[in-house]
Amino acid sequence: MDTPLAGSQKKAERLIFTVIILFTIVTAIYFRFNNLHQSPAWYSDEGNHIDLAENWMQGKWQNYGILGAPYSQRPPLYMYTVAAAMRLFGVDIQVSRGVSACGNLICCLLAGWIAWKRQGRREGILTLWVAAAAPWIVTFGRLGLTYNLMAPFFLFSLMAIHEYCLKPSPGWLAASAIEAALAFSTDYLGILCGVTAGLVLLVKRPRSLFGFGTIFLAVLVVVFLPVLCVNAGVFFTDMRNLFVWGGGVQSSSSSLISILVNYVELLRRESWILIGLCGLFLLKDGSLRNILLTAVGLTLLMVTRAYTPVGVGLHYLMHLFPIFALGLAVFMLHAYEFIKRLMQKELTSLFSRLPRVVSPAATLLSAAIVFTPLVWMVLSSFAITTYNSNYIFTGNDDLRLLEVKPAENVRAFISAHVSPGDLVLGSPAILWGLPTMNRADFLAALAYIGQKPQNYITVDRQRYTNDISLEKAKFVILDPLAEEFAPLVLPGMDGFLLEIHKMPAVFTSGNITVYAGQEK
């Protein structure tokens, strides 16, 4: 039976942990939602998703004047969610980012809860803190991309299949299958969640595979049904072509070379991911460790084969960031205990006459060595979210983000001079929400005249709902993405730019220029 003093100590301890957890959650919320419209600057892919969501609000499954979503290459759940949010709060990039930030926040809380339950209280709190404040997780978590919404489905499914293996119950099996299907319905990389869960069942409980697969397919049918009712043929064509193309694309002539080079480069440049991976190997729960490492390994295998997961490709790993946060927290605590033991040994010999000083001194010094990066994380994320100090996207990591103030000025000019039905060409990050739905990015406009990159799906001419050729454009918008990056990846873009520069420039703001097309 606890003494009154022991009971008071436990209450005080619970109160301290409660305050720490609440403060961490408030910090995470601030870092996800403060200044969301401005920071980071606008990323190209965000505009694609908003355009799809805008079309879905009108009952159409199309993107930039093309039936279906052949160049967006995403399943529909994220677009459903963004469209629903925009019906409530209006068409704005902040709404799309808000959906993503909510998904990222939920996944960070889930990672902390898993660490608390399976590793211990300290691991849970530190995981939550790292996930809340790490600048990479914060910055990417604020972008309006499908990976952020997929992340909580992905992680919860892995947790549920782990719980099912420990204590079989239909509820956990169904939860894992449902979440795996939702992950796949949000982004096609989510299929690796279902693959991981299937491998776990194959090894431990093969008789449950049929039930898992049945539920998984049933949820997919329910989620895909609205799009199938609009245009089933186009949807299945895009999905088939994507998987056929995705199975053949790789970043070099050899799959093995691609994997080795890209993986080594990832670990060289993103040392925090390397430490996170090391921490996952230190998890006490062997079953959880194997499940998480399998999911991470499969994702890295697929991404490093086809894309360079550093610089412009790091966002393909966004849904794994909370898992890396868990590993990072576990590694830091192991490092803290190891350094503390060394410090105590050394300080004992140095301060043999002051034995009471040894333990607190060793604790403070070890904490200063191991946990100082947490202070940097908080200050860094505060600078990013409060003062728009987006140093993450610089150098080789430059995503050519669109500066917000000039973009808003250009959008205001276009909105004041365009009518519904007028064609506007530009980069995706600036086209969303304009008064006209007849708009297209340069990838779609070039594909319309038969000049598309080889690694993109071929689209039948009949699927274009409008003539989106350069000659039909009322306005063409050029920003650094179009001027500097597009010519490197889009065949025919150099010729496009020559023609555009012959047009009269009618408005300029910052590094963005609007040209008047031939269509009046």
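Going by the working numbering, the sequence shown opens with residue 1326, and the numbers climb by one from there. Here a beta-carbon is modelled for each residue, glycine too, at the ideal position from N, C-alpha and C.
Bounds of any alpha helix (DSSP H) do not take in residue 1840; it lies within the beta strand (DSSP E) bounded by 1837-1841. Across the set 1557, 1592, 1524, the C-alpha of 1524 shows the shortest separation from the C-alpha of residue 1617. Boundaries for residue 1606: no alpha helix (DSSP H) harbours it, and the DSSP string shows neither H nor E there. Annotated three-state conformation of residue 1501 is helix, per DSSP. Residue 1490 has its alpha-carbon roughly 41 Å from the corresponding atom of residue 1412.
When C-beta atoms of the segment 1502-1521 are compared with those of the segment 1472-1483, three or more pairs fall below 8 Å, so the two segments count as touching. Per DSSP, the continuous alpha helix (DSSP H) segment holding residue 1465 begins and ends at 1460-1466.
For residue 1434, the three-state secondary structure derived from DSSP is helix. Its chain contains 1656 as the residues whose beta carbon lies nearer than 6 Å to that of residue 1603, once the 5 sequence neighbours on both sides are disregarded; these appear in chain order.
Each of 1415, 1389, 1778, 1713 was checked against the Cα of residue 1751, and the nearest Cα belongs to 1389. Distance from the CA atom of residue 1696 to the CA atom of residue 1474, rounded to whole angstroms, is 30 Å. The beta-carbon distance between residue 1459 and residue 1437, rounded to whole angstroms, is 13 Å. This is too long to meet the 8 Å contact definition. Under the three-state reduction of DSSP output, residue 1364 falls in the coil class, being neither helix nor strand.
Out of 1816, 1827, 1471, the CA that lies nearest to the CA of residue 1642 is found in 1471. As for any alpha helix (DSSP H) of minimum length 4 sitting wholly inside the segment 1378-1465, the runs are 1402-1414, 1418-1443, 1446-1458, ordered along the chain. In the three-state reduction of the DSSP assignment, residue 1513 falls in the helix class. The beta carbon of residue 1788 sits closer than 6 Å to those of 1391, 1392, all from its chain and outside the five residues before and after it, given in chain order. Its Cα nearest to that of residue 1512, the residue 1644 stands out among 1560, 1552, 1644, 1596. The beta-carbon distance between residue 1423 and residue 1361, rounded to whole angstroms, is 6 Å. This is short enough to meet the 8 Å contact definition.
In the structure shown, residue 1786 adopts helical secondary structure according to DSSP, grouped into three states. For residue 1706, the three-state secondary structure derived from DSSP is helix. In this model, residue 1367 and residue 1731 are separated by some 11 Å (Cα to Cα).
Contact between residue 1725 and residue 1803 fails: their C-beta atoms lie close to 12 Å from each other, not under 8 Å.
When rounded, the separation of the alpha-carbon atoms in residue 1554 and residue 1540 is 21 Å. Where residue 1474 is concerned, the enclosing alpha helix (DSSP H) starts and stops at 1471-1491. Take residue 1610, set aside five residues on each side of it, and the residues of its chain with a beta-carbon closer than 6 Å to its own are 1443, in chain order. By the criterion of a C-beta distance shorter than 7 Å, residue 1402 is surrounded in its chain by 1507, 1510, 1511, 1548, once the five residues flanking it on both sides are discounted. Inter-segment contact for the segment 1810-1819 and the segment 1593-1603 is absent: fewer than three beta-carbon pairs are separated by less than 8 Å. Annotation: residue 1478 to residue 1425 spans about 13 Å, alpha carbon to alpha carbon.
Residue pairing for residue 1748: DSSP places it in a beta bridge opposite 1798. CA-to-CA, the gap between residue 1465 and residue 1649 works out to about 14 Å. Secondary structure within the segment 1627-1700: the alpha helix (DSSP H) runs of 4 or more consecutive residues, fully enclosed, are 1646-1675 (chain order).
Counting the other CB atoms within 10 Å of its CB gives residue 1701 a total below 16, which places it among the exposed residues. Boundaries for residue 1834: no alpha helix (DSSP H) harbours it, while the beta strand (DSSP E) harbouring it runs 1830-1834, taken from the DSSP string.
For residue 1733, the uninterrupted alpha helix (DSSP H) segment begins and ends at 1729-1742. Going by DSSP, residue 1820 is part of the alpha helix (DSSP H) stretching over 1818-1826.
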